[in-house]
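Working notes for the structure below.
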Amino acid sequence: MKLVMENLAVDRGERRIFSGVNVTVQAGTALVVTGPNGAGKSTLLKTIAGFLRPTDGIIRLEGAQEETSLREHCHYLAHDNALKPSLSVRENLSFWQSYLGAGPASIDGIEAALERIGLLHTIDLPAGFLSAGQKRRIAIARLLVSRRTIWLVDEPTAALDAASEKGFAAMALEHVDSGGILVAATHQELGLKNAMRLDMAAHAGGVSDKAAL
Amino acid sequence: MWALFIRELRLASRVGGGALTGLLFYLAVVTVIPFGVGPDLKLLARIGPAVLWIGALLAGLLGLERLFQQDREDGSLVVLLTGQYPLALVVLVKCLAHWLATGLPLVIATPVFGLFMNMSADGIGAVVATLLVGTPAITFIGAVGAAVTVTLARGGLLIAILILPLIIPVLIFGVTAAYGAVEDPAPFLPPFLILCAITLFFSVLGPLAAAFAISQSAE
Chain A
0 MKLVMENLAV DRGERRIFSG VNVTVQAGTA LVVTGPNGAG KSTLLKTIAG FLRPTDGIIR
60 LEGAQEETSL REHCHYLAHD NALKPSLSVR ENLSFWQSYL GAGPASIDGI EAALERIGLL
120 HTIDLPAGFL SAGQKRRIAI ARLLVSRRTI WLVDEPTAAL DAASEKGFAA MALEHVDSGG
180 ILVAATHQEL GLKNAMRLDM AAHAGGVSDK AAL
Chain B
0 MWALFIRELR LASRVGGGAL TGLLFYLAVV TVIPFGVGPD LKLLARIGPA VLWIGALLAG
60 LLGLERLFQQ DREDGSLVVL LTGQYPLALV VLVKCLAHWL ATGLPLVIAT PVFGLFMNMS
120 ADGIGAVVAT LLVGTPAITF IGAVGAAVTV TLARGGLLIA ILILPLIIPV LIFGVTAAYG
180 AVEDPAPFLP PFLILCAITL FFSVLGPLAA AFAISQSAE
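Quick note, the sequences are listed as chains A and B, same order. Just so we're aligned, residue 0 is where the first sequence starts under numbering that gives the first Met the number 0, counting upward by one. Just so we're aligned, residue 0 is where the second sequence starts under numbering that gives the first Met the number 0, counting upward by one.
Take a look at the structure:
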């Protein structure tokens, strides 16, 4: 399986965010997207997830089952944690597990995922009671309870302490080693070995077709 | 999909879920009318169906902004988009759960409120029946308004104004059918069936239109 982006360009309004992105991410590879604020890192992730339509170029997933869309292979972890404060941690995670689909084979249970991130003791607490860093770790646990090939993570380690940051890097590495694809927009070094790099600053601007009209 | 349905019901029933807000508003509307109109029992009985319908309709409009707004604010909406289900189906399930949590209590409370209005048993039964088939239409139409205004903070009032023209027929046929059951020459069945048709029509069109609006605003 591989994720292919060819000559990708995205406009928001009349402004061209980036253009000419050519990347192929093989299964078992991580792509670290870097660049200054506003360079289009989040926009690239949203485009891969299919929330934004590219103005030019194509994105496709090669080697996946025919009638599934790219979106169904993606885990999307943005700045928001997608947790409901009034539901318990278990309710939050079990909802996402059944909604997103547990995925094929050897899936971790909710308890195992929480144990992995060291928050098993919070399982019956309402998510609203947790600190910002703990909520972030629960959001990361969502990636573990449902198995999907592509992880699209946007500043995944924001609000995390050093130990949890390392924990996430280990999880990401494990995901990649088991044949997954990781696309991470980040300022921090995640400590991923052999990761490909994409500097959005190199693809900034370009001329928007709409602006030219 | 079942998981989504259960989650929506849980959210509505927890603290801050707002399942009772509509019901309390309905109660407020129906209880102040007799004080405003005065103790004319005949008049109250005559305007009863209309008052109940207007109260239920306004109460139904109240909770609509919660339908997608909160999911957008906490980032759940985009994650819902990555599911394997078509978005229109997601919207339909959310609407059904929303109606069950906020619309059905209005219908269930109506017999009690009907007594406040000095209505006959037939009249109360007719209002309950028409609300039962009519209030889902309010939710389905409201879903479109909620989806269009999802990117706006506090778009609640805007939703009400946007969907009001589409809600008016629901109100007209609901009240007409309710009067048809108590006043002799007026028929009950034809307006009641038209009300059913409106609900069925919007149960298809509403989720499709709302899904389209959400996919356009998902960024």
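Note that CB positions come from ideal geometry on N, CA and C, so glycine has one too.
Give a yes or no on whether the C-beta atoms belonging to residue i and residue j are separated by under 8 Å.
{"i": "B/V126", "j": "B/L194", "result": "no"}
{"i": "A/D160", "j": "A/S41", "result": "no"}
{"i": "A/R70", "j": "A/G56", "result": "no"}
{"i": "A/A101", "j": "A/S68", "result": "no"}
{"i": "A/L60", "j": "A/H74", "result": "no"}
{"i": "A/M221", "j": "A/T148", "result": "Given a span of 0 to 212 for chain A in the structure shown, any question on residue 221 of chain A remains unanswerable."}
{"i": "A/L151", "j": "A/A171", "result": "no"}
{"i": "B/M118", "j": "B/A44", "result": "yes"}
{"i": "B/V89", "j": "B/L19", "result": "no"}
{"i": "A/G178", "j": "A/G27", "result": "yes"}
{"i": "A/V31", "j": "A/A162", "result": "no"}
{"i": "B/A176", "j": "B/F191", "result": "yes"}
{"i": "B/I137", "j": "B/I167", "result": "no"}
Kindly list the residues whose CB is nearer than 6 Å to the CB of residue i, restricted to its own chain and excluding five residues on each side of it in sequence; keep chain order.
{"i": "A/E164", "result": "T156"}
{"i": "B/V132", "result": "L194, C195, T198"}
{"i": "A/A104", "result": "Its pLDDT being 43, under 50, A/A104 is placed unreliably by the model, and the measurement read from it follows with that caveat. Around A/A104: no qualifying Cβ."}
Given residue i, which residues of its chain have a CB within under 7 Å of its CB, disregarding the five upstream and five downstream residues?
{"i": "A/A131", "result": "A158"}
{"i": "A/R89", "result": "I109, I122, D123"}
{"i": "B/F115", "result": "V29, T30, P33"}
{"i": "B/G144", "result": "L63, I158, L161, I162"}
{"i": "A/D198", "result": "T33, G34"}
{"i": "A/Q25", "result": "K1"}
Out of the options, which one is the CA nearest neighbour of residue i?
{"i": "A/S85", "options": "B/L130, B/G133, B/L56, B/D73", "result": "B/D73"}
{"i": "B/P206", "options": "B/A128, B/F139, B/L157, B/L199", "result": "B/F139"}
{"i": "B/P219", "options": "B/L105, B/P189, B/E182", "result": "Beyond the ends of chain B as shown, which are 0 and 218, falls residue 219 of chain B; an answer cannot be given."}
{"i": "A/G12", "options": "A/N36, A/P35, A/Q96, A/L51", "result": "A/L51"}
{"i": "B/G47", "options": "B/V174, B/A208, B/F201", "result": "B/V174"}
{"i": "B/T112", "options": "B/C94, B/G62, B/A55", "result": "The residue you asked about is not Thr; residue 112 of chain B is Phe in the sequence shown. The candidate whose alpha carbon is nearest that of B/F112 is B/A55."}
{"i": "B/A210", "options": "B/L163, B/A146, B/R6", "result": "B/A146"}
{"i": "A/I137", "options": "A/H202, A/A203, A/L92", "result": "A/L92"}
{"i": "A/L118", "options": "A/S97, A/L30, A/G166", "result": "A/G166"}
{"i": "A/S18", "options": "A/A26, A/L30, A/E5", "result": "A/E5"}
{"i": "A/A112", "options": "A/L99, A/I139, A/S87", "result": "A/I139"}
{"i": "B/R13", "options": "B/A100, B/A208, B/L204", "result": "B/A100"}
{"i": "B/D121", "options": "B/D183, B/M0, B/L91, B/L103", "result": "B/D183"}
{"i": "A/L129", "options": "A/L82, A/A8, A/L7", "result": "A/L82"}
{"i": "A/V3", "options": "A/L142, A/E173, A/T46", "result": "A/T46"}
Looking only at its own chain, which residues have a Cβ that is under 8 Å from the Cβ of residue i, when we skip the five neighbours before and after it?
{"i": "B/A108", "result": "L22, Y25, L26"}
{"i": "B/L76", "result": "F67, D70, V149, I213, A217"}
Considering only DSSP beta bridges, list what residue i is partnered with.
{"i": "B/P164", "result": "Note: B/P164 sits in no beta bridge, so no partner."}
{"i": "A/C73", "result": "A/I149"}
{"i": "B/D183", "result": "Per DSSP, none; premise fails for B/D183."}
{"i": "B/L56", "result": "Its beta-bridge partners do not exist; DSSP assigns none."}
{"i": "A/Q25", "result": "A/K1"}
{"i": "B/S202", "result": "Bridge partners of B/S202: none, in fact."}
{"i": "A/E61", "result": "A/K1"}
{"i": "A/I180", "result": "A/T28, A/I149"}
{"i": "A/F17", "result": "A/V9, A/A203"}
{"i": "A/S87", "result": "A/P125"}
{"i": "A/T33", "result": "A/D198"}
Are the C-beta atoms of residue i and some chain A residue less than 8 Å apart?
{"i": "B/A212", "result": "no"}
{"i": "B/Q83", "result": "yes"}
{"i": "B/A2", "result": "yes"}
{"i": "B/R219", "result": "A query on residue 219 of chain B cannot be resolved here, the shown segment of chain B reaching from 0 to 218 and no further."}
{"i": "B/S75", "result": "yes"}
{"i": "B/L99", "result": "no"}
{"i": "B/V92", "result": "no"}
{"i": "B/V78", "result": "yes"}
{"i": "B/L19", "result": "no"}
{"i": "B/L114", "result": "no"}
{"i": "B/P206", "result": "no"}
{"i": "B/R6", "result": "yes"}
{"i": "B/R13", "result": "yes"}
{"i": "B/L10", "result": "yes"}
Could one say the Cβ of residue i lies closer than 8 Å to chain B's Cβ atoms, at least one of them?
{"i": "A/A213", "result": "Given that chain A is displayed from residue 0 to residue 212, the structure contains no residue 213 of chain A and the question cannot be resolved."}
{"i": "A/L2", "result": "no"}
{"i": "A/A210", "result": "Bear in mind that the predicted position of A/A210 carries a pLDDT of just 47, short of 50, making it too unreliable to give a figure here."}
{"i": "A/K83", "result": "yes"}
{"i": "A/S105", "result": "Its pLDDT being 43, under 50, A/S105 is placed unreliably by the model, and the measurement read from it follows with that caveat. Output row for A/S105: interface = no."}
{"i": "A/E154", "result": "no"}
{"i": "A/D79", "result": "yes"}
{"i": "A/L99", "result": "yes"}
{"i": "A/E71", "result": "yes"}
{"i": "A/L86", "result": "yes"}
{"i": "A/E188", "result": "no"}
{"i": "A/E90", "result": "yes"}
{"i": "A/D10", "result": "no"}
{"i": "A/A131", "result": "no"}
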